[in-house]
Each structure stands twice: as C-alpha cells, then as structure tokens.
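*Asks:* Listed in order, the protein sequences are those of chains A and B. Residue numbers for the first sequence follow the UniProt record's numbering, so the first one is 1 and each next one is one higher. Residue numbers for the second sequence follow the UniProt record's numbering, so the first one is 1 and each next one is one higher. Heads up, the beta-carbon is just placed ideally off N, CA and C, and yes, glycines get one too. Encoded as structure tokens, here's the structure I'll be asking about.
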Amino acid sequence: MSDTQTFLDTLNARSQQRGVEPTWIAARRQAGAARFDAMGFPTRRDEEWKYTDVRTIAQGNFALAENADFSQAQAAAMTLPLDAYRLTFVDGIFSAALSDLESLPSSVQVVPLSKALADNHEAVGGPLGRLTGVEFSTFAALNTAFMEEGAVVRIAPGTVVEKPILLQFLSRAGTPVMSHPRILVEAAGRSEATLIEHYIGEAEAANFTNVVAELMLDRGAILNHYKLQEAPLGDMHVASIHVEQSRDSRYNSYNLNLGGALVRNDLISDLNGQGAETHFYGLFFGQGRQHVDNHTKVNHNAPLTFSNENYKGILDDRAHGVFNGKVYVKRDSQKIEGFQSNQNLLLSDRAHIDAKPELEIYADDVKCSHGTTTGQLDEDAIYALRTRGIDKATARGLLTLAFAGEVLEQVALDVIAERVELAVAGKLPERFNLAGLVETAAAFND
Amino acid sequence: MLQVNDLHVTVDGKEILKGLTLTINAGEVHAIMGPNGAGKSTLSAVIAGKDGYEVTQGSVTFEGQNVLEMEIEERAQAGLLLGFQYPVEIPGVKNIYLLKSALNAQRVARGEGEMPAPEFMKLVKEKLGFMKMDASFLQRAVNEGFSGGEKKRNEILQMLVLQPKLAMLDEIDSGLDIDAMKVVADGVNSLRAGDRAILLVTHYQRLLDYIVPDKVHVLVDGRIVRTGDAELAKELEANGYEGIEESVA
Numbered sequence: 001m002s003d004t005q006t007f008l009d010t011l012n013a014r015s016q017q018r019g020v021e022p023t024w025i026a027a028r029r030q031a032g033a034a035r036f037d038a039m040g041f042p043t044r045r046d047e048e049w050k051y052t053d054v055r056t057i058a059q060g061n062f063a064l065a066e067n068a069d070f071s072q073a074q075a076a077a078m079t080l081p082l083d084a085y086r087l088t089f090v091d092g093i094f095s096a097a098l099s100d101l102e103s104l105p106s107s108v109q110v111v112p113l114s115k116a117l118a119d120n121h122e123a124v125g126g127p128l129g130r131l132t133g134v135e136f137s138t139f140a141a142l143n144t145a146f147m148e149e150g151a152v153v154r155i156a157p158g159t160v161v162e163k164p165i166l167l168q169f170l171s172r173a174g175t176p177v178m179s180h181p182r183i184l185v186e187a188a189g190r191s192e193a194t195l196i197e198h199y200i201g202e203a204e205a206a207n208f209t210n211v212v213a214e215l216m217l218d219r220g221a222i223l224n225h226y227k228l229q230e231a232p233l234g235d236m237h238v239a240s241i242h243v244e245q246s247r248d249s250r251y252n253s254y255n256l257n258l259g260g261a262l263v264r265n266d267l268i269s270d271l272n273g274q275g276a277e278t279h280f281y282g283l284f285f286g287q288g289r290q291h292v293d294n295h296t297k298v299n300h301n302a303p304l305t306f307s308n309e310n311y312k313g314i315l316d317d318r319a320h321g322v323f324n325g326k327v328y329v330k331r332d333s334q335k336i337e338g339f340q341s342n343q344n345l346l347l348s349d350r351a352h353i354d355a356k357p358e359l360e361i362y363a364d365d366v367k368c369s370h371g372t373t374t375g376q377l378d379e380d381a382i383y384a385l386r387t388r389g390i391d392k393a394t395a396r397g398l399l400t401l402a403f404a405g406e407v408l409e410q411v412a413l414d415v416i417a418e419r420v421e422l423a424v425a426g427k428l429p430e431r432f433n434l435a436g437l438v439e440t441a442a443a444f445n446d
Numbered sequence: 001m002l003q004v005n006d007l008h009v010t011v012d013g014k015e016i017l018k019g020l021t022l023t024i025n026a027g028e029v030h031a032i033m034g035p036n037g038a039g040k041s042t043l044s045a046v047i048a049g050k051d052g053y054e055v056t057q058g059s060v061t062f063e064g065q066n067v068l069e070m071e072i073e074e075r076a077q078a079g080l081l082l083g084f085q086y087p088v089e090i091p092g093v094k095n096i097y098l099l100k101s102a103l104n105a106q107r108v109a110r111g112e113g114e115m116p117a118p119e120f121m122k123l124v125k126e127k128l129g130f131m132k133m134d135a136s137f138l139q140r141a142v143n144e145g146f147s148g149g150e151k152k153r154n155e156i157l158q159m160l161v162l163q164p165k166l167a168m169l170d171e172i173d174s175g176l177d178i179d180a181m182k183v184v185a186d187g188v189n190s191l192r193a194g195d196r197a198i199l200l201v202t203h204y205q206r207l208l209d210y211i212v213p214d215k216v217h218v219l220v221d222g223r224i225v226r227t228g229d230a231e232l233a234k235e236l237e238a239n240g241y242e243g244i245e246e247s248v249a
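Here is the structure:
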C-alpha cells in the first residue's frame, strides 16, 4: 500500500461519518484529495524538500481525534500567562471549555472554523484557499482534503485590538493522531492586532499537525504574528503560512521554533501594494535529533515595498536545521528594499545546518542584501566569563542568548521572550534584556 | 596569601616556566617585570586556569587551597581575578549583565546571596564615576568596539565591582596614553588594602611610577632571578634586562 493510501482511507472513512456539506467545501475537499493523491509525499529529490525527509509522516498511521477532552488544570499549565482572547484546540478539535472570548469587542470576530462555516459558510468560501491553494504543496492539499476546524479572525476597519488573539493547539499523548487546522485572518484597513499561534502538549505525544494559515492584510493594516512552536518532541509539525499585503500594510512575523521531532515551516509574504512592509524574525532551536526546516519567501510584487528578514538557528546534539530564504523581486518592482540575514550557531560537533539564501531580482533599481553564517560558541569568551566567576553552563547560556539576542529583542511580549530564553539558554540569573535595570541606573544619576 | 612553589609549566611541549617561586602576602603590591618571552603572562594565565598550559612540577596555593585543582570560575569565586592584557570582545553580552552575573555568582558561591538591584546599581554607578566612564558603557556589549584604553578601563571597572582578594593585572598599561594610565592607576591604587594583594605584570617601568610596588621581581627565562623594591624597577629602566640576564648566565 502506498503512503498516500493510508491517508486517503482515513479521509474516506471520515467523509462517510460527516453529513452533507455545502457544494464548494465538498469540491475543495475532493480537489485536495486528488491533488494529494497525484503528488504523493515529497521526497528528497524534490528541490523544495532536498534537506527534509518526511517519511516519518508519510509512513505514519495517524487517526483523527474523536474528542477534545483535556483537564483544565493541565491546560492551564500549558497556556501562556497572557491576558488574551483565546481559542483552544485539542488534537485539532475545538474546546469551548478551554477557550475564553470574554469582552471581545463587536469589531473583532474570533470564531472556530466549524462555527464560521455553520453560521455563514459562503463568507468563508471566498477567502479560504485563495492564498494557499491545493497546488501549493502536498501538505496544503492534504490540509484542504481534511479541513474541518481552525480559526477565522476578522477585524473591522480601523480597529485596534488591545489584547492578543491566542490560538492554542494542544497535543495529547496516546494513539497518534493528525490534525489539519486552517487559520484565516482578514485584517481590514488600518486595523491593528496581535495573533499568537501556540503549539504545545504532553511530553509523550507523537502527533502530526498540518496547519495552513492565510492572512490577508488590507490597506494600512498591521498584524503582529507570533508562532511559538513548543510542540512535544515526538510531534511532527508542518505549517504553511501565506500572507497577502495591500498598500501600506505591515506584517511582523515572529517564528519561534523550539519543539517537534520534524518541523517544516513555509512562510510566504506577498507585498502587493506600494508601501507594504514585512518583517520576518525567526529563531529555531534544535536538540536531540530534532529536524527543523524553515522555508521563507518574500515576493516584492509592487514597487516601493520593504522586507527585512533575520533568522537565527541554534542547534545542539545531533539536531539538523534548514534555512531556505528567498527574496523575489517582480519585473519593474522598482525602489524596493529587501534584506535577509541568517546566522546559525552549532553547539555540538554533530549538529548540522543547511542554509540557502536566494535572491531573484527582475528590477534594476533595488536595494537588496543577503548573507548567512554558521559558527560555534567562542571559547575565548567562555573562558573570559569564567574568569569572572561565572560557571561554564551559565557562560554558555549567556553567549547562546547573546547570539539569539537580535531576534529576541524584537519579541515585545515578555512572556514569550522569557520562554524562549529559558529554552535556549537555561535558567540565567535574570531577564537578559536589562533595559529596565539600566533605567534604574539612569535614575540614580538624577 | 598566594604561594607559588617551584612551578614548571610547558606550552605545546616547550617549557616556559622553569621553577618559579613566589610568595605574596595580604596588603602587598608585587610587580613582575621581564623581557618578552620570559614567561610573565604564562604565570598569571596558569593561576587563572587558561587551557593549554601544562603544569609539570610545583604548586600554586591560594589561602591554603590548591589552585591548580580548582575550576576556572572557582578561582574567581575564591577571590583570584585576572585583568587581561587583551580583553576579549563578547558581542551581545552587555557590560551590565557581565558585572551583575559575575558579582552575584561570586556572592552566591560565598553564601552571601545576590545583591539587591538598587544596591548593585549604586555600587556600579560609583565605580563607573571613579573610572571616568559614562553610564552608556553598561549598555554596550563587553569590549565590543572599545578602544584599547576603554578595554583596560573596563577590566579595572570589573575589579572595582568584584573586589578580588588578589588582583592580577597582565600588562594593564599596554596601549594606554598617559591620561588613561593615570585613571587606570588610580583605579588599581584604590584597590590597595590590608586584606588584599595586587600582582602587576609589566614590561615597562612607567606604570610603576603611578602604582608603586612593595616588591619587584625580575623574571628571566622562566625563573625569578632578582627580587627587590621599587628601586629595582628604576634600575631596570636605566640598564635594561641585558645585564641581569648576563649575571644569571
């Protein structure tokens, strides 16, 4: 039996359980299944998957979760301690009990996909799949075939959403299951919001999450998008994030990857209107035998657009990282600026990184740069810190954190920055960013 | 306080120190002088615990403890601190963070507990002022993009904050203009105390006009060949090391 057949069988069984669906959903599902069947899982002969072997997913046997049972106490321990509007999904299934949308203003909709479809499926049908079609990848096709749950976020024009919108995905231990969440964000003109995707779960879990997010930023909209991936170390995690940016919009991506056995992120931003601006900040930390692959692409489809990308990889033990960042400048997209940097730190001799920055430019009046470096901790610096009484583990932690600093400094949410700090550097004497402390120092000068 | 006894050290199979013996008591300032290649920097590096130095014979004892068996950080925690000739740049690690981490690591190791933030800031501010350094130094990454003089001041600032029992200063005067040297020397002199000792390693007598040592040792070819008071340094300045080397040979 081929690898795809197991998934198609699960899909057919699910279709029989499901009631009648609106025609467009059934048609998309079918198109997704057909595309998935035709393409099959990628192999390392595919250029886009040259460094990432997905056989552990392809040959896995993943059921679909049947309920969202999860103890309140356990969920509370995993939930980011943030005042946020929160939707929780357990192995892909929405849990109303673990969600909290209290005081959500009427100018903002945060709705589970299942409910959005039930309420007004036609309003979902237009935008859904517009950015990430079934042809994008095998995984996008698979997601489309299976999609049932996820989140729809709609922000009315000019609305500034004060609290972050937190989409929390919990992964349970037990029989391996798969989920195919679908996230749709429509940020209307001059709106401003912070969206957090948070993946976490029970340590023994070994599930497969295959998420597709489509984010549409209308004129002048600002979206801060945090993806904190702390999935259990046995989880497989594949994410496709596609952003569409109209004129003068600004998208800030914080793609922070700490968990998962096999992780693949595709992040694409289409800068379609003048003045659109995108910032990709990424940090990936791998240990053990983790495999973390980040593929990013910025499409400068319009003149006077700006992109800045800074990805840092930290790899320990026998972890394997991949960075493939592409900046594409469409014909006659003049006066664009596109900057890209990728730096990697290898903490062990057996850790490995494949880094590939790419520029593809079809305009002549542009300002672009890219670069990638890979190195190890500076032994002289470790020695210098130890001669001041700082133990070796703390010295290594300090230097590792210093490496991650450029990206972490951009993380405005302290709760998230501190979690990442703890994960990559261990417990340090205190928060690395000492801006507050120096303010105290300045106060002493008065 | 510090006893170095018949110390033999090899680097890459080559013997650099060939039986060095030295005793430093609390309250004293010692200077070790000698020509290039005599092994001056090797001594302080071995005491600080730098890799690549093999002790083949002899001992180093600090307040009764066998220094050579201690981890690098344990030596610092015990009160042995080395000021580098070439301070290392540590991108991304702010000075304030180094100072705070180091001070608290030492305090915790001594069972004193961490210093409260306001007290720490007051201490740092006072020492910064003494070293004529701007508060912006705290926000800068350790030594990154610092001039030679700034790096040396930073080494002394660390000494003033960490208050070691034995401060070892390796060629602290190299690369300093006269004004910077005065500031550095004032910093070092402020460390002089009855319960503390200072070991200066220097090539030139110039520094010793500002930090007057109690004892001067001349190190030639891995051994101390002469010991005297501050006058010995002046003699060396006048006559150079040649005469001394000949007298040994």
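1) Compare the C-beta of D446/A against all C-beta atoms of chain B and say whether one is closer than 7 Å.
2) Counting C-beta neighbours from all protein chains within 10 Å, is the total for Y85/A 16 or more, i.e. buried, or is it exposed?
3) Do you know whose CA, among N252/A, L8/A and A404/A, lies nearest G40/A's CA?
4) Determine the closest residue to G79/B out of K215/B, L98/B, G58/B and A109/B, with distance taken between C-alpha atoms.
5) In angstroms, rounded to a whole number, what distance separates the CA positions of M168/B and K18/B?
6) Counting contacts by CB-CB distance shorter than 7 Å, is L236/B in contact with chain A?
7) Go ahead and pull the three-state DSSP assignment for residue 448/A.
8) Rounded to whole angstroms, how far is the Cβ of G288/A from the Cβ of D248/A, which I believe are closer than 8 Å?
9) Quick check: the Cα distance between D446/A and T227/B, rounded to an integer number of angstroms?
10) Leaving aside the five residues before and after P157/A along the sequence, list all residues of the same chain whose C-beta is less than 8 Å from its C-beta, in chain order.
11) So with CB distances below 7 Å, who are the chain B contacts of D69/A?
12) What are the start and end residues of each continuous beta strand (DSSP E) run of 3 or more residues lying completely inside the stretch 358-412 of chain A, in chain order?
13) Please report the straight-line C-alpha distance between F444/A and T373/A, rounded to a whole angstrom.
14) Counting pairs of beta carbons, one from the stretch 207-224 of chain A and one from the stretch 393-401 of chain A, are three or more of them closer than 8 Å?
15) Classify A426/A as helix, strand or coil using the three-state DSSP reduction.
16) Is it true that the stretch 34-54 of chain B meets the stretch 193-205 of chain B, where meeting means three or more beta-carbon pairs spaced less than 8 Å apart?
17) Identify the continuous beta strand (DSSP E) that holds T42/B and give its terminal residues.
18) Measure the CB-CB distance between S59/B and N5/B and report whether it falls below 7 Å.
19) Please return the same chain residues whose Cβ sits closer than 7 Å to the Cβ of Q3/B, not counting the five positions on each side in sequence.
20) If residue 253/B sits next to K151/B, beta carbons under 8 Å apart, how far is it from one beta carbon to the other, in whole angstroms?
21) Are there three or more Cβ pairs, one per stretch, closer than 8 Å when the stretch 314-329 of chain A is compared with the stretch 381-392 of chain A?
22) Give the straight-line distance between the Cα atoms of D3/A and T43/A, rounded to the nearest whole angstrom.
23) Kindly indicate which three-state DSSP category H203/B falls into: helix, strand or coil?
24) Going by DSSP, name the residue or residues bridged to E15/B.
25) Quick check: is the beta carbon of A441/A nearer than 7 Å to any beta carbon in chain B?
26) Taking only beta-carbon atoms, is L398/A less than 7 Å away from chain B?
27) M216/A by DSSP, collapsed to three states: which one?
28) May I have the straight-line CA-CA distance separating S179/A from L11/A, to the nearest angstrom?
29) Just to confirm, are residue 257/B and L99/B a CB contact at a threshold of 7 Å?
30) Closest by CA to I361/A, which one among L422/A, V411/A and N299/A?
31) If you draw a straight line from the C-alpha of residue 452/A to the C-alpha of E162/A, how long is it?
32) Starting from R250/A, follow the beta strand (DSSP E) in both directions and report where the run begins and ends.
33) How many Å lie between Q158/B and I314/A at the Cα?
34) Kindly list, in the order they appear in chain B, the residues whose Cβ is closer than 7 Å to that of I390/A.
35) Run through DSSP, which three-state label would K215/B get?
36) At a CB-CB cut-off below 8 Å, which residues of chain B make contact with G405/A?
*Replies:* Looking at the atomic coordinates:
1) Sequence index remark: in the first sequence, residue 446/A carries index 446 (1-based). Confidence in D446/A is poor, its pLDDT being 41 and thus under 50, which makes the residue's placement unreliable; the coordinate value appears in the next sentence. By this cut-off, D446/A is not an interface position.
2) Looking up residue 85/A in the first sequence gives position 85. By the neighbour-count definition (other C-beta atoms within 10 Å, threshold 16), Y85/A is a buried residue.
3) On the first sequence, position 40 is the one that residue 40/A refers to. With distances taken between Cα atoms, G40/A lies closest to L8/A.
4) Taking the second sequence and counting its residues from 1, the one referred to as residue 79/B is at position 79. Nearest Cα to G79/B within the set K215/B, L98/B, G58/B and A109/B: A109/B.
5) Here residue 168/B is taken as the residue at index 168 of the second sequence, counted from 1. Here residue 18/B is taken as the residue at index 18 of the second sequence, counted from 1. Answer to the nearest angstrom: the Cα atoms are 20 Å apart.
6) In the second sequence, residue 236/B corresponds to position 236, counting from 1. The beta carbon of L236/B sits no closer than 7 Å to any beta carbon of chain A.
7) Past the edges of chain A, shown from 1 to 446, lies residue 448/A, and the structure says nothing about it.
8) Sequence index remark: in the first sequence, residue 288/A carries index 288 (1-based). Sequence index remark: in the first sequence, residue 248/A carries index 248 (1-based). Not confirmed; about 44 Å, so no contact.
9) By one-based count along the first sequence, residue 446/A stands at place 446. By one-based count along the second sequence, residue 227/B stands at place 227. Only weak support exists for where D446/A lies, its pLDDT of 41 falling under 50; the value from the coordinates is given anyway. Note on geometry: alpha-carbon atoms of D446/A and T227/B lie some 50 Å from one another.
10) In the first sequence, counting from the first residue as 1, residue 157/A sits at position 157. A distance below 8 Å between beta-carbons, with the five flanking residues on each side excluded, links P157/A to the following residues of its chain, in chain order: A188, G189, R190, S191 and D218.
11) The residue you call residue 69/A lines up with position 69 of the first sequence. Here the premise fails: no neighbours, minimum Cβ distance about 44 Å.
12) Correct list: 366-375.
13) Here residue 444/A refers to the residue found at position 444 of the first sequence. Here residue 373/A refers to the residue found at position 373 of the first sequence. In this prediction, F444/A has a pLDDT of 46, which is less than 50 and means its spatial position is unreliable; nothing more can be read from the coordinates.
14) Flag = no, the stretch 207-224 of chain A and the stretch 393-401 of chain A do not touch.
15) Taking the first sequence and counting its residues from 1, one reaches residue 426/A at position 426. Here residue 426/A is Gly; the residue named in the question, Ala, does not match the sequence. In the three-state DSSP reduction, G426/A falls in the coil class, being neither helix nor strand.
16) By the Cβ criterion, the stretch 34-54 of chain B is in contact with the stretch 193-205 of chain B, since at least three pairs of Cβ atoms, one from each stretch, lie closer than 8 Å.
17) Working through the second sequence from its first residue, we reach residue 42/B at position 42. Where T42/B is concerned, there is no enclosing beta strand (DSSP E), although the alpha helix (DSSP H) it sits in stretches over K40 to A48.
18) Your numbering for residue 59/B matches position 59 in the second sequence. Your numbering for residue 5/B matches position 5 in the second sequence. N5/B is positioned such that its CB atom lies closer than 7 Å to that of S59/B.
19) In the second sequence, counting from the first residue as 1, residue 3/B sits at position 3. Excluding sequence neighbours, Q3/B sits near T23 and T61.
20) As displayed, chain B neither begins before 1 nor continues past 249, which places residue 253/B out of reach and without an answer.
21) Counting C-beta pairs with one atom in each stretch, the stretch 314-329 of chain A and the stretch 381-392 of chain A have fewer than three that are closer than 8 Å, which means they do not touch.
22) The residue given as residue 3/A occupies position 3 in the first sequence. The residue given as residue 43/A occupies position 43 in the first sequence. The straight-line gap separating the alpha-carbon atoms of D3/A and T43/A is approximately 12 Å.
23) For the purposes of this step, residue 203/B is taken as residue 203 along the second sequence, with counting starting at 1. For H203/B, the three-state secondary structure derived from DSSP is coil.
24) In the second sequence, counting from the first residue as 1, residue 15/B sits at position 15. Looking at the DSSP assignment, E15/B forms a beta bridge with T10/B.
25) Within the first sequence, the letter at position 441 stands for residue 441/A. Low per-residue confidence applies at A441/A: pLDDT is 47, beneath 50, and the placement is therefore not dependable, though the value from the model is reported in the following sentence. At least one chain B Cβ lies under 7 Å of A441/A.
26) One-based indexing of the first sequence puts residue 398/A at position 398. It does: the Cβ of L398/A has a partner Cβ on chain B nearer than 7 Å.
27) Sequence index remark: in the first sequence, residue 216/A carries index 216 (1-based). DSSP, read as helix, strand or coil, puts M216/A in strand.
28) Taking the first residue of the first sequence as 1, we reach residue 179/A at position 179. Taking the first residue of the first sequence as 1, we reach residue 11/A at position 11. Their Cα atoms are separated by approximately 12 Å.
29) Because residue 257/B is not part of the residues shown, which for chain B are 1 to 249, the question remains open.
30) Here residue 361/A corresponds to residue number 361 of the first sequence, with the count starting at 1. Comparing Cα-Cα distances from I361/A to each of L422/A, V411/A and N299/A, the minimum goes to N299/A.
31) In the structure as shown, chain A begins at 1 and stops at 446. Residue 452/A is therefore absent and cannot be evaluated.
32) Residue mapping note: residue 250/A aligns to position 250 of the first sequence, counting from 1. From DSSP, the beta strand (DSSP E) with R250/A extends over R250 to N257.
33) In the second sequence, counting from the first residue as 1, residue 158/B sits at position 158. In the first sequence, counting from the first residue as 1, residue 314/A sits at position 314. Computed Cα separation, rounded: 30 Å.
34) In the first sequence, the residue the question calls residue 390/A occupies position 390. By Cβ distance, chain B contributes E73, S101, A102 and A105.
35) On the second sequence, position 215 is the one that residue 215/B refers to. Strand.
36) Taking the first residue of the first sequence as position 1, residue 405/A is located at position 405. The answer, in chain order, is G92.
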